[in-house]
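A.B. asks:
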Amino acid sequence: MKTMYKTLFLFMGLFAFLFTSCEKEEETPTLHKPVLETDFTITVNGNTVLFNCSMKAATTFLWEVGTGDQSNVNPAEFYVPMAGTYWAVLSVSDGGDFLSSDTVEFTIATTDVTVFQSGIWKNLTGGPNVQKTWKLDIGAVVTVTIDDAGVETSTSVNKASFFHNPLDFYGDKDAGGNTDGSSWGPWGGTNIYGWGGTPEVGSIRFDAITGICTLVIDGVTKTGKYTFKPYDRVDDICNPSIVENEAPITLWQHMLKYQYKYLGVLSAQMGDMKFATGMRFPMDIGRITNDGNATNPSQFLTEDLENVTILHCSDSAMVVRVKRSFEAEKDSKCWLLYNYVVDGYTYTSPTYTHPVRTDVTTATLAGTWKPATVPYNWVGWAGKNLLNAWTSAADIIATGWAGTAESLAAVDTIRVTFETNGNCVVNGLATTYTINKGGYIAFADSVSIPNSIFSLNKKNMYVLDVPESTEGLWLGQNNEDKAESKAFHLVKVQ
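Okay, so the sequence shown: first residue is 6 according to the numbering used here, each after it adds one.
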């Protein structure tokens with residue numbers, strides 16, 4: 006009997022051992038392709054979506070959602086404000102390669118309208134049931150010019166009303182960057198008529214709730230869907246080929262210090278916009294039609310017109326980036342920045358005039374002057390600022406403008422001499438001068454200070470007030486019909 010009990014206990018122990026061993030083998034986690042409901046779940050609660058993976062072998066997770074969002078935590082939670090059906094993919098790893106699930110879908114039943122009541126969504130659309138309307142920033146701007154006799158004339162020019170330009174442009178590794186991979190710009194197309202033809206007479210408005218936009222061009226109305234994904238402004242979206250104190254500055258720093266200085270701040274968010282087929286922002290006819298070019302009927306690919314980025318959007322002003330793929334003699338691949346304002350915006354255009362020094366006398370001018378290290382630049386009237394942050398002749402040569410190096414060598418030989426008795430010699434021409442209104446210099450004869458980019462000539466120049474560069478003299482004249490001056494920087498010969 007004892008033998009039977011011993012045998013029974015031995016058998017039970019062996020069975021327990023074998024059962025335990027099998028159980029341990031079955032519990033050993035192994036990595037495999039994750040399957041919905043078996044290995045992970047998706048739970049939708051209003052506009053919040055919870056993703057949870059139960060795979061014990063997985064040590065690294067990557068959740069990807071059709072909103073463009075990602076997460077590497079588990080469980081992961083996403084906020085999806087817009088109604089619609091979205092895809093999702095889970096990828097897992099145990100330290101080696103990732104294994105990805107099939108693409109699965111989830112549905113958000115209703116839109117959370119509170120997302121449209123603040124931030125860039127509200128700035129873009131006006132909020133729920135508002136449909137803010139945008140148009141290209143084109144309007145009449147009054148500028149004051151001065152002729153050879155020193156007579157000031159007010160002129161109304163049809164160009165940017167609020168922004169400094171209707172459009173700007175820059176190049177980077179993704180569109181038209183320098184051959185060494187560096188970026189350039191942004192540069193300004195101050196007069197849209199000279200940089201791509203007549204602006205379209207049109208507007209666009211966005212309905213936040215329905216996701217429908219309405220485009221009107223030359224009286225023709227079109228409607229279509231759009232999607233907009235906002236995100237925090239990307240710091241390193243472009244690093245222009247410009248440095249300050251030997252350190253590169255970002256596109257945003259460049260924009261706020263130079264091109265978009267008057268804005269003060271840029272919106273905290275930017276965003277990507279995708280239009281339905283045939284929808285886009287109103288732009289300018291010359292680029293849309295490529296001035297009638299039969300071979301390349303547009304400077305834009307359709308996909309680039311329908312996929313744009315909003316770099317800045319405030320309550321009244323917007324900067325939209327569009328990729329231009331066309332390249333020809335006068336055009337290059339680049340990013341174009343179109344500037345828009347809200348239709349009906351009541352911004353009062355300022356009257357700009359030359360930032361002229363009023364302290365200039367014959368004693369101020371007396372002596373012989375030569376070109377400075379950076380001999381010329383352009384000066385904006387609104388900010389009294391230099392429009393190019395050049396610190397050396399090499400910076401000018403780096404622009405790639407034809408003949409720049411040779412021109413700089415020739416410019417270096419220019420000399421201007423003023424005497425207190427009214428006599429002067431300008432680049433070899435002896436004449437006389439008088440000073441009007443403390444800063445305007447009237448010469449008895451037409452004079453010339455040339456370079457390969459522009460020249461100061463005729464009988465009238467003015468001494469510019471440039472607070473950031475006070476050494477010597479900045480002699481300037483109007484730069485066409487723009488609110489800026491072309492200027493030579495002269496320093497005294499020691």
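Beta carbons are placed, not taken as given, at the ideal position from N, Cα and C, and that holds for glycine. Being a predicted model, the structure only gives us computed values, none of them experimental.
Quick check: what's the CA-CA separation for Gly-349 versus Trp-192?
C.D. replies: If you take the alpha carbons of Gly-349 and Trp-192, they lie about 28 Å apart.
A.B. asks: With a floor of 4 residues, list each alpha helix (DSSP H) that falls wholly inside the segment 203-269, ordered by position along the chain.
C.D. replies: Segments of the alpha helix (DSSP H) lying fully in the segment 203-269: 256-259.
A.B. asks: Can you tell me where the alpha helix (DSSP H) holding Glu-42 begins and where it ends?
C.D. replies: Segment: none, Glu-42 is in no alpha helix (DSSP H) and carries neither H nor E.
A.B. asks: Look at the alpha carbon of Asn-77 and the alpha carbon of Pro-34, and state the distance between them as a whole number of angstroms.
C.D. replies: Approximately 20 Å, taken between the alpha carbons.
A.B. asks: Considering only residues of the same chain and omitting the five flanking positions on each side of Ala-407, which have a CB-CB separation below 6 Å?
C.D. replies: Nothing listed; no residue qualifies.
A.B. asks: State the DSSP-derived secondary structure class of Gly-89, mapped to helix, strand or coil.
C.D. replies: It is a strand residue.
A.B. asks: Give me, in chain order, the residues of the same chain whose beta-carbon lies closer than 7 Å to that of Pro-472; leave out the 5 immediate sequence neighbours on both sides.
C.D. replies: Closer than 7 Å at the Cβ level, and outside the excluded window around Pro-472, lie Lys-389.
A.B. asks: Short of 7 Å in beta carbon distance, which residues of its chain neighbour Ala-368, apart from the five on each side in sequence? Order them along the chain.
C.D. replies: Thr-425.
A.B. asks: Count the other C-beta atoms from every protein chain shown that fall within 10 angstroms of the C-beta of Gly-181, then say buried if there are 16 or more, exposed otherwise.
C.D. replies: Label assigned to Gly-181: buried.
A.B. asks: Hey, Leu-469 and Leu-495: beta-carbon distance below 9 Å or not?
C.D. replies: Not a contact, by the Cβ cut-off of 9 Å.
A.B. asks: For a minimum of 4 consecutive residues, which ranges assigned as the alpha helix (DSSP H) are wholly contained in the segment 373-413?
C.D. replies: As far as the segment 373-413 is concerned, its whole alpha helix (DSSP H) runs of at least 4 residues are 398-402.
A.B. asks: Going by DSSP, what residue range makes up the alpha helix (DSSP H) through Ala-368?
C.D. replies: Note, Ala-368: alpha helix (DSSP H), 367-370.
A.B. asks: Take Ser-337 as the anchor and find which of Ala-322, Asn-295, Gly-269, Val-325 has the nearest alpha-carbon.
C.D. replies: It is Asn-295 whose Cα lies nearest to the Cα of Ser-337.
A.B. asks: Can you tell me where the beta strand (DSSP E) with Thr-138 in it begins and where it stops?
C.D. replies: Per DSSP, Thr-138 belongs to the beta strand (DSSP E) from 138-141.
A.B. asks: Which partner residues of Thr-314 appear in the DSSP bridge assignment?
C.D. replies: Looking at the DSSP assignment, Thr-314 forms a beta bridge with Asp-277, Arg-326.
A.B. asks: Taking the DSSP output, what are the residues bridged to Gln-75?
C.D. replies: Note: Gln-75 sits in a beta bridge opposite Glu-69.
A.B. asks: Pick out whichever of Leu-391, Gly-132, Gly-443 has its Cα sitting closest to the Cα of Glu-489.
C.D. replies: For Glu-489, the nearest C-alpha among the options comes from Leu-391.
A.B. asks: So Pro-133 and Ile-214 are supposed to be a Cβ contact under 8 Å. How far apart are they, rounded?
C.D. replies: With 8 Å as the limit, Pro-133 and Ile-214 qualify as a contact, their Cβ atoms being about 6 Å apart.
A.B. asks: What's the gap between the Cα of Pro-360 and the Cα of Thr-366?
C.D. replies: About 17 Å.
A.B. asks: Which residue marks the beginning of the beta strand (DSSP E) containing Thr-534, and which one marks its end?
C.D. replies: Because residue 534 is not part of the residues shown, which for the chain are 6 to 499, the question remains open.
A.B. asks: Can you look up Asn-483 in the DSSP assignment and give me helix, strand or coil?
C.D. replies: Asn-483 falls in the strand class under three-state DSSP.
A.B. asks: In the structure shown, what three-state DSSP assignment does Lys-497 receive?
C.D. replies: The answer is strand: DSSP assigns Lys-497 an E or B state.
A.B. asks: Look up Lys-491 in the DSSP assignment and give the residues it is bridged to.
C.D. replies: Beta-bridge pairing links Lys-491 to Trp-383, Gln-482.
A.B. asks: Is Asn-50 buried or exposed, if buried means 16 or more other CB atoms sit within 10 Å of its CB?
C.D. replies: Looking at its Cβ environment, which holds fewer than 16 other Cβ atoms inside 10 Å, Asn-50 is exposed.
A.B. asks: Can you give me the C-alpha to C-alpha distance between Lys-442 and Val-384, rounded to a whole angstrom?
C.D. replies: Rounded to the nearest angstrom, the two C-alpha atoms are 20 Å apart.
A.B. asks: On the CB-based measure, 16 or more other CB atoms within 10 Å of its CB, does His-37 come out buried or exposed?
C.D. replies: Exposed: under 16 other Cβ atoms inside 10 Å.
A.B. asks: Just to confirm, are Asn-52 and Tyr-91 a CB contact at a threshold of 9 Å?
C.D. replies: Result no, Cβ atoms of Asn-52 and Tyr-91 do not sit closer than 9 Å.
A.B. asks: Helix, strand or coil: how does DSSP classify Val-120 here?
C.D. replies: DSSP places Val-120 in helix when its eight states are reduced to three.
A.B. asks: Between the Cα of Ala-394 and those of Met-260, Lys-328, Trp-374, Thr-228, spot the shortest distance and give me the residue it belongs to.
C.D. replies: Checking every option, the nearest Cα to that of Ala-394 belongs to Met-260.
A.B. asks: In the DSSP output, what is Ile-454 paired with across the bridge?
C.D. replies: Ile-454 pairs with Leu-461.
A.B. asks: Whole angstroms are fine: how far does the CA of Pro-380 sit from the CA of Pro-351?
C.D. replies: The displayed chain sequence assigns Thr, not Pro, to residue 351. Those two C-alpha atoms are separated by around 40 Å.
A.B. asks: Would you kindly work out how many angstroms separate the C-alpha atoms of Gly-201 and Ile-290, rounded to a whole number?
C.D. replies: Model confidence at Gly-201 stands at a pLDDT of 47, short of 50, so the residue's coordinates are unreliable and nothing is read from them.
A.B. asks: Starting from the Cα of Gly-224, find the closest Cα among Ile-209, Gly-269, Gly-73 and give me that residue.
C.D. replies: Nearest option by C-alpha distance: Ile-209.
A.B. asks: In the DSSP assignment, what are the bridge partners of Val-54?
C.D. replies: Note: Val-54 sits in a beta bridge opposite Val-49, Phe-83.
A.B. asks: Taking only three categories from DSSP, how would you classify Leu-306?
C.D. replies: Leu-306: coil per DSSP, three-state reduction.
A.B. asks: May I have the straight-line CA-CA distance separating Ala-399 from Gly-405, to the nearest angstrom?
C.D. replies: In a straight line, the C-alpha of Ala-399 is about 10 Å away from that of Gly-405.
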